[in-house]
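Listed in order, the protein sequences are those of chains A and B. Note that the working numbering has the first sequence beginning at 118, numbered continuously upward. Note that the working numbering has the second sequence beginning at 447, numbered continuously upward. All residues carry an ideal CB built from backbone N, CA and C; glycine is no exception. The structure displayed is predicted, hence computed values, not measured ones. Presented below is the structure to which this report refers.
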Amino acid sequence: MASHPALKAIRRELFASRTDGLISLGLLALIGASLLGLLRWAFLQAQWVVIQANSTLFAVGRYPLDQQWRLWLLVALLAMASGLSWGLLRAIPRADRSGVLWPLNDRIALALLAFLASWAPAALGLSVPLQARWWLITALLLAIRWSAGRWGRRLPPRLLKLVPLIWPLLYLLGMALISGGLGLVRVPPSEWGGLLLTVLMASFAILASFPLGVLMALGRRSELPLLRWGSVVYIEFVRGAPLITLLFLGQNILGFMLPGGLAPDRVWRAAWVLTFFCGAYVAEAVRAGLASVPAGQQEAARSLGLTVPQALQQVVLPQALRIALPATVGQFISLLQDTTLLSLIGLLELLGTARTVMANPDFLGLTAEVYLTLAVLFWCCCAALGLGSRALERRLDPTHSPA
Amino acid sequence: MTTPSISSAQAPAATGPWMIEAIGVQKRYPNGFHALRGVDLRVRRGEVVVIMGPSGSGKSTFIRTFNALEEFQEGSITIDGTALSNDLRNIDLIRCETGMVFQQFNLFPHLTVLQNLCLAPVLVRKRRRSEVERQATALLERVGIAEQASKYPGQLSGGQQQRVAIARSLCMEPRILLFDEPTSALDPEMVGEVLEVMKGLAADGMTMVVVTHEMGFAREVAHRVVLMSEGRIVEEAPPSTFFTNPQHERSRQFLAQIL
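Here is the structure:
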């Protein structure tokens, strides 16, 4: 008889009764068969050459080859900033927690990164110098993560307060590196593409729609009628229209409304439409968060002499935004997926790039490989957003405090 | 002058200047409910006044007008020589001088206990954080929870939270403390620890207006007990008289109900 606890658990969970056992066996057979089919296709039939041959196209579109060092530099800087923030986050835990320097999740992440760095560049068939760049960037990230975790506590508090500022600065620097300026050759938005364009569009819309959404939510609760009605009309108009119509509208109407030259580039027009679209949904999520903060919080803050803006900034908004966080990130995840609609207005983001690749006579019929790659890429981005949001939620949750 | 015979916990009689002067205060809610129908109350420096009354009698509304959490339509309120007006700066000034302790504590759940105490002194009084933290630590010691300084309010018991709330008010160094049913949301075994802190404050000469149903506290600490009913003050007397020989029929009814 099974005596091992794991076997006992399996027996209890899956084979408690005769019916349970039959259902379990049936499902296991189904899962096994489909998994086997998928693996056989992936390893024996699929022609991954379509991905290998177009990996640069998928990554950055038609970004000029001689300027791609700027993107490498940006990736390296991003890796360094991530390593620094990650390490400091572990080195300086919340006031009421002890904190572990290398918790289990971090060790899993470490293993995953090491695996990705050694496997993905090779699997993509990159040249050895390019592979080496990826190894170097990963090593850089992990080295900084390690040292920040080890020595982060010794940094002066004044300096530590400045660390979060790295991110907005890096974002601006990244924009400059990508588009040119500061003495660099200009690369017009029409030459950006692939994952670069998708991430750029999504991150811009996410970053810009968040403050917009917060302002709209505050406006909707304002006592000034003009502000309140303005916010209501905006939110309800945007939420009442499908994104694709707004995208087409944005492409055309901005051209009519603004004198030639003033209207932003097609790519930026789309980015603004995405921003305004997402902002309306974020506003509703934040409004729900604001409504859930008890009135007593505002009263306590005001009775201590805080002004209305101070009470909002220090007491009400931090609580409201934490509550609104899951719904807001949900919006961001759908926004990321909605960027695929940009291919319908002729932008070559991931899906647009994929369609040009599939239309190439050399790779006819290899749609499954392309779509699967796209799905995995999107899944990775969304999973990262979701994981980050849940980690943030736990860190901000004042009632939940593991060791 | 109150008689010195009542109890040892009671501070010496207050003879100082008026700290609160409320004259003919009337409040109507937008829905027409007439919550305050002309209330007069004057409180001297160092005096402890307990306000009692059935629910809906306007006692909470009344003390919430002192720091402008509630607006009033008629009458006047002067706090330590400054008349309450609708000028926002005037309101902010008065709120700095009058601390308030709420029934539901209203601690800021996203800040640690120490941060709860330091927020307003640093932001409003523009004091140095290090100096405020020293004072906050001393105050937490005084209310008996210094070891909880780095915890979040949600990790404390109700009694501890209310003591933090009192310390948070004290950290602004107010001249008046208002208590809005400070023990009504507490489990019975935690009421005592909060009342002890309040007694200590009274003994130190803090001017306090307390809305409460704690008879023991009123008897032992208050200089005056005020009974409100239907938006008016019905009776105002030292606790010795109030509890043993109430003058008004409404007071006798109320005492019969809560005793």
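Nearest neighbour of residue i, chosen from the options [CA to CA]
i	options	result
PHE551(B)	THR456(A), PHE354(A), GLU416(A)	GLU416(A)
LEU647(B)	ILE622(B), THR658(B), GLY478(B)	ILE622(B)
CYS564(B)	GLN549(B), GLN581(B), GLU681(B)	GLN581(B)
GLY469(A)	VAL487(A), LEU452(A), ALA508(A)	VAL487(A)
ASN536(B)	PHE512(B), GLY478(B), GLY521(B)	PHE512(B)
PRO463(B)	ILE525(B), TYR475(B), SER503(B)	ILE525(B)
LEU279(A)	LEU201(A), ALA228(A), ARG129(A), PRO220(A)	LEU201(A)
GLY527(B)	HIS480(B), VAL578(B), ARG510(B), ALA468(B)	ALA468(B)
PHE518(B)	ALA611(B), VAL568(B), GLY484(B)	GLY484(B)
LEU452(A)	LEU324(A), ARG419(A), ALA408(A)	LEU324(A)
GLU577(B)	MET618(B), LYS597(B), LEU641(B)	MET618(B)
PRO274(A)	VAL245(A), GLN248(A), LEU205(A)	LEU205(A)
PRO567(B)	LEU423(A), SER506(A), LEU145(A), ILE450(A)	LEU423(A)
VAL167(A)	ARG383(A), MET475(A), ASP514(A), SER506(A)	MET475(A)
ALA501(A)	ALA226(A), PRO411(A), LEU276(A)	ALA226(A)
LEU194(A)	SER151(A), ARG135(A), LEU257(A)	LEU257(A)
GLY267(A)	ILE209(A), PRO306(A), VAL302(A), ALA293(A)	Going by the sequence as given, residue 267(A) is Arg instead of Gly. Selected option, being the one with the closest Cα: ILE209(A).
LEU483(A)	LEU144(A), PHE132(A), GLY149(A), ALA163(A)	ALA163(A)
VAL390(A)	ILE462(A), ILE450(A), ALA444(A), GLN414(A)	ILE462(A)
TRP219(A)	LEU491(A), GLN248(A), TRP263(A), PRO238(A)	TRP263(A)
SER320(A)	THR490(A), HIS121(A), LEU289(A), LEU491(A)	LEU289(A)
GLY347(A)	MET333(A), SER296(A), VAL302(A)	MET333(A)
ARG545(A)	MET374(A), GLY242(A), GLY269(A)	Since the displayed chain A opens at 118 and closes at 520, residue 545(A) lies outside it and no answer follows.
VAL493(A)	ALA237(A), LEU429(A), LEU434(A)	ALA237(A)
GLY651(B)	ALA668(B), GLU635(B), PHE700(B), ILE540(B)	ALA668(B)
GLN601(B)	ALA631(B), VAL559(B), LEU585(B), PRO634(B)	VAL559(B)
PRO306(A)	ALA239(A), LEU241(A), LEU317(A)	LEU317(A)
Proximal chain B residues relative to residue i, where beta-carbon distance stays under 7 Å
i	result
THR424(A)	ASP538
GLY413(A)	PHE548, GLN550, ASN552
Expected contact under 8 Å - CB spacing of residue i and residue j to nearest Å
i	j	result
LEU438(A)	GLU510(A)	Wrong, their Cβ atoms sit about 11 Å apart, outside the cutoff.
LEU458(A)	ILE361(A)	5 Å
MET644(B)	GLY499(B)	MET644(B) to GLY499(B), Cβ: 19 Å. No contact.
VAL331(A)	VAL403(A)	5 Å
VAL432(A)	PHE327(A)	No, VAL432(A) and PHE327(A) are not in contact; Cβ-Cβ is about 20 Å, not under 8 Å.
TRP189(A)	ARG250(A)	6 Å
VAL496(B)	THR658(B)	6 Å
ILE352(A)	ALA397(A)	5 Å
PRO620(B)	GLY521(B)	Their Cβ separation, rounded to whole angstroms, is 23 Å, which puts PRO620(B) and GLY521(B) out of contact at 8 Å.
GLY367(A)	ARG338(A)	Actually they are not in contact, since the Cβ atoms of GLY367(A) and ARG338(A) sit about 28 Å apart, beyond 8 Å.
TRP252(A)	ALA228(A)	Actually they are not in contact, since the Cβ atoms of TRP252(A) and ALA228(A) sit about 15 Å apart, beyond 8 Å.
For residue i, the three-state DSSP class (helix, strand or coil)
i	result
LYS505(B)	helix
ILE283(A)	helix
ARG338(A)	coil
ALA631(B)	coil
LYS473(B)	strand
GLY545(B)	strand
SER453(B)	With a pLDDT of only 44 at SER453(B), under the threshold of 50, the placement of this residue in the model should not be trusted, and no figure is reported.
PHE739(B)	Any answer about residue 739(B) is impossible in this case: the structure gives chain B only from 447 up to 705.
GLY216(A)	coil
ASP223(A)	helix
SER615(B)	helix
GLY605(B)	helix
GLY662(B)	helix
SER199(A)	helix
VAL655(B)	strand
ALA408(A)	helix
VAL489(B)	strand
SER675(B)	strand
Listed by chain order, chain B residues near residue i by CB distance under 9 Å
i	result
PRO435(A)	PHE554, HIS556, LEU557
VAL432(A)	PHE554, HIS556, LEU557, LEU565
ARG439(A)	HIS556
GLU416(A)	ARG510, LEU515, MET546, PHE548, ASN552
Listed by chain order, chain A residues near residue i by CB distance under 8 Å
i	result
ARG541(B)	ARG419, SER420, LEU421, GLY422
TYR475(B)	Those do not exist, as TYR475(B) stays about 15 Å from chain A at its closest Cβ, beyond 8 Å.
7 Å Cβ cut-off: residues of chain A touching residue i
i	result
ASN513(B)	SER420
beta-carbon residue i near the ligand ADP non-hydrogen atom, thresh 6 Å
i	result
GLU543(B)	Absence of the ligand ADP from the depicted structure is noted, as is the absence of any ligand whatsoever, leaving it without description.
9 Å Cβ cut-off: residues of chain A touching residue i
i	result
GLU569(B)	Reading off the sequence, residue 569(B) comes out as Leu, not Glu. Going along chain A in sequence order, the residues near LEU569(B) (Cβ under 9 Å) are LEU421, GLY422, LEU423, THR424, GLN427, GLN431.
MET618(B)	LEU421, GLY422
Proximal chain E residues relative to residue i, where beta-carbon distance stays under 7 Å
i	result
MET636(B)	In the structure shown, chain E does not exist; the protein chains are A and B.
Does the structure place the region 171 to 178 of chain A close enough to the region 277 to 292 of chain A that three or more beta carbon pairs sit under 8 Å? The region 277 to 292 of chain A, when compared against the region 171 to 178 of chain A, does not touch it at the 8 Å Cβ threshold.
Pairs of beta-carbons, one from the region 666 to 684 of chain B and one from the region 474 to 488 of chain B, closer than 8 Å: are there three or more? Yes, the region 666 to 684 of chain B touches the region 474 to 488 of chain B.
Quick one: any contact between the region 604 to 613 of chain B and the region 635 to 644 of chain B, if contact means 3 or more CB pairs under 8 Å? Three or more beta-carbon pairs drawn from the region 604 to 613 of chain B and the region 635 to 644 of chain B are found closer than 8 Å, and the two stretches are therefore classed as touching.
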